[in-house]
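Peer 1: Next up is a structure, given as structure tokens.
In the working numbering, the protein residues as written are 468 to 658.
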């Protein structure tokens, strides 16, 4: 439970600051106007809806989906850093939204299922503090990063920190992706 709470704290504080970064991305980085901001926000929201529907279709909490969602969410931010095209930014924001919701839905559900009945309310209170409670500090920090190095710096910082936290959580939880399919016991070994 502590690993999931720590991951929630890091990702929500340092990576989920789109209320600050999207307006700057639309106006300063992409040289757009309010309609560009509106479109980018809508595309992020559409991705979040797809991620939520995907998470709901599983019918159970999944550590794998939680971690893959975290990688898509934060890795997408890292990929978004050098982008100066509204179309490419939109595609990435769709993926980021889907990854964010897949991560957050599974994180919340996993914590609720792992918490003992008598502590569930307290654990979820800590979760929601980790999820929303640091927004004021995070907004100031993200605004400063945007001021110093534009959205490029803010997204690189968020992406790297988020990826490190997600990979650290995966290693701590003992989960690693299978890059090579497992060989069945009935398959012959090749020398």
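Here a beta-carbon is modelled for each residue, glycine too, at the ideal position from N, C-alpha and C. The structure presented is a predicted model; accordingly, all values stated were derived computationally and were not measured.
So, under 8 Å CB-CB, residue 629 and residue 477 are touching, yes? Tell me the CB distance rounded to an integer number of Å.
Peer 2: Numbered from 1 along the chain shown, position 162 holds the residue referred to as residue 629. Numbered from 1 along the chain shown, position 10 holds the residue referred to as residue 477. Right, the Cβ-Cβ distance comes to about 7 Å (below 8 Å), so this counts as a contact.
Peer 1: Would you kindly work out how many angstroms separate the C-alpha atoms of residue 582 and residue 520, rounded to a whole number?
Peer 2: Within the chain shown, residue 582 is the residue found at index 115, counting from 1. Within the chain shown, residue 520 is the residue found at index 53, counting from 1. Residue 582 and residue 520: Cα-Cα distance of roughly 24 Å.
Peer 1: Can you look up residue 585 in the DSSP assignment and give me helix, strand or coil?
Peer 2: Looking up residue 585 in the chain shown gives position 118. Residue 585 carries a helical assignment under DSSP once its states are collapsed to helix, strand and coil.
Peer 1: For residue 507, tell me which candidate among 615, 641, 589, 554 has the shortest Cα-Cα distance.
Peer 2: Mapped onto the chain shown, residue 507 falls at position 40. Residue 554 is the option with its Cα nearest to residue 507.
Peer 1: Could you check what DSSP says for residue 647 in three-state terms: helix, strand or coil?
Peer 2: Taking the first residue of the chain shown as position 1, residue 647 is located at position 180. Since pLDDT at residue 647 reaches only 48, below the 50 mark, its modelled position is unreliable, and no value is offered.
Peer 1: What is the residue span of the alpha helix (DSSP H) that residue 608 lies within?
Peer 2: Sequence index remark: in the chain shown, residue 608 carries index 141 (1-based). Here the alpha helix (DSSP H) through residue 608 covers 602 to 640.
Peer 1: Just to confirm, is the Cβ distance from residue 632 to residue 543 under 9 Å?
Peer 2: For this step, residue 632 is matched to residue 165 along the chain shown. For this step, residue 543 is matched to residue 76 along the chain shown. No, the Cβ-Cβ distance between residue 632 and residue 543 is not below 9 Å.
Peer 1: Does the contact criterion of 3 or more C-beta pairs under 8 Å hold for the segment 564 to 581 versus the segment 468 to 487?
Peer 2: yes
Peer 1: I'd like the list of long-range same chain contacts for residue 540, defined as Cβ closer than 6 Å, with 5 residues on each side in sequence excluded.
Peer 2: On the chain shown, residue 540 is found 73 positions in, with the first residue counted as 1. Excluding positions up to five away in sequence, the list reads 563, 566, 567, 570.
Peer 1: Grouping DSSP H, G and I as helix and E and B as strand, with all else coil, what is residue 578?
Peer 2: Mapped onto the chain shown, residue 578 falls at position 111. Here residue 578 sits in helix by DSSP.
Peer 1: If you reduce the DSSP assignment to three classes, tell me which class residue 483 lands in.
Peer 2: In the chain shown, residue 483 corresponds to position 16, counting from 1. Here residue 483 sits in coil by DSSP.
Peer 1: Got a sec, what are the start and stop residues for the alpha helix (DSSP H) residue 513 sits in?
Peer 2: The residue given as residue 513 occupies position 46 in the chain shown. First-last of the alpha helix (DSSP H) with residue 513: 501 to 525.
Peer 1: Need the endpoints of the alpha helix (DSSP H) that residue 528 sits in, please.
Peer 2: Position 61 of the chain shown holds residue 528. From DSSP, residue 528 is part of no alpha helix (DSSP H); its letter is neither H nor E.
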